[in-house]
Amino acid sequence: MIRPILIHPDPRLKKICDPVTGISAEMGKLAEDMLETMYDAPGIGLAAPQIGVTKRLIVLDCVKTEGEAPRPLVMFNPEITWASEELSTYDEGCLSIPDQYAEVDRPAEVRVRWIGLDGKGYEEQFAGLWATCVQHEIDHLNGKLFIDYLGPLKRQMITRKMEKLKRERARQH
Ligand code: NI
21 MIRPILIHPD
31 PRLKKICDPV
41 TGISAEMGKL
51 AEDMLETMYD
61 APGIGLAAPQ
71 IGVTKRLIVL
81 DCVKTEGEAP
91 RPLVMFNPEI
101 TWASEELSTY
111 DEGCLSIPDQ
121 YAEVDRPAEV
131 RVRWIGLDGK
141 GYEEQFAGLW
151 ATCVQHEIDH
161 LNGKLFIDYL
171 GPLKRQMITR
181 KMEKLKRERA
191 RQH
């Protein structure tokens with residue numbers, strides 16, 4: 021089921037999310053809905069708070085090459101266990117901040133530990149777009165958006181645009 025994606029500013033996007041204590045059928049369904057919502061958007065990552073659920077759950081699939089098999093990843097309670105000193109810059113966007121992009125510097129490589137859909141623990145090192153995306157999504161679980169890395173003027177400008185977009189959308193419904 022495709023779920024509506026919250027648009028910034030929204031208090032649910034600013035919350036520190038709660039750890040997931042058990043991978044119930046309900047959590048499995050939530051992860052499935054999030055993947056469906058992400059692919060439909062389309063996007064390469066989605067965090068539970070973006071659909072109004074303040075739990076530590078993210079999904080991502082950064083395979084962008086045409087013809088390459090998709091690699092949907094579901095991460096419960098993801099944690100960064102190591103980050104490279106080397107940084108990389110990526111022109112980031114966010115499904116909760118439509119059509120706005122800005123360059124953000126982040127560690128170029130990270131190791132992430134998480135619990136999978138099967139309840140097992142995983143740890144993997146990510147580089148390139150995967151590293152950027154997984155850090156962006158984990159930020160969402162801590163109430164942080166990519167615009168929080170920008171200067172106050174740029175952030176305010178984007179927030180005003182989003183407030184206007186939300187007013188326009190509310191009028192259409
Ligand atoms: Ni985002």
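Here the sequence shown stands for residues 21 to 193, where the numbers follow the numbering used here. The beta carbon of each residue, even a glycine, is placed where N, CA and C say it ideally should be.
From residue i to residue j, what distance separates their C-alpha atoms?
| i | j | result |
| --- | --- | --- |
| I27 | V154 | 20 Å |
| P127 | D30 | 27 Å |
| M54 | Y121 | 22 Å |
| Y110 | F166 | 11 Å |
| P92 | V79 | 7 Å |
| L66 | M58 | 6 Å |
| G136 | W150 | 17 Å |
| L170 | V83 | 27 Å |
| A89 | A147 | 18 Å |
| A190 | W102 | 42 Å |
| K49 | E183 | 31 Å |
Examine the ligand NI and report whether any of its heavy atoms sits within less than 6 Å of the Cβ of residue i.
| i | result |
| --- | --- |
| C153 | no |
| C114 | yes |
Assuming residue i and residue j form a contact by the criterion Cβ under 8 Å, report the distance between their Cβ atoms to the nearest whole angstrom.
| i | j | result |
| --- | --- | --- |
| V94 | A51 | 4 Å |
| K75 | G163 | About 13 Å; that fails the 8 Å criterion. |
| D81 | I22 | Contact flag wrong, Cβ pair sits at about 16 Å. |
| T152 | E112 | 7 Å |
| I117 | I178 | 6 Å |
Please state if the CB of residue j and the CB of residue i are separated by a distance shorter than 7 Å.
| i | j | result |
| --- | --- | --- |
| C37 | P69 | yes |
| L115 | I43 | no |
| D119 | L107 | no |
| G72 | R32 | yes |
Note to self: For the stretch 132 to 152 against the stretch 87 to 102, do three or more pairs of beta-carbon atoms, one drawn from each stretch, fall closer than 8 Å, so that the two count as touching?
What the structure shows: The count of Cβ pairs closer than 8 Å, one atom from the stretch 132 to 152 and one from the stretch 87 to 102, reaches three, so the stretches are in contact.
Margin query: Counting beta carbon pairs with one atom in the stretch 136 to 145 and one in the stretch 155 to 169, are three or more of them shorter than 8 Å?
Written below: Contact between the stretch 155 to 169 and the stretch 136 to 145 is absent, because fewer than three Cβ pairs lie under 8 Å.
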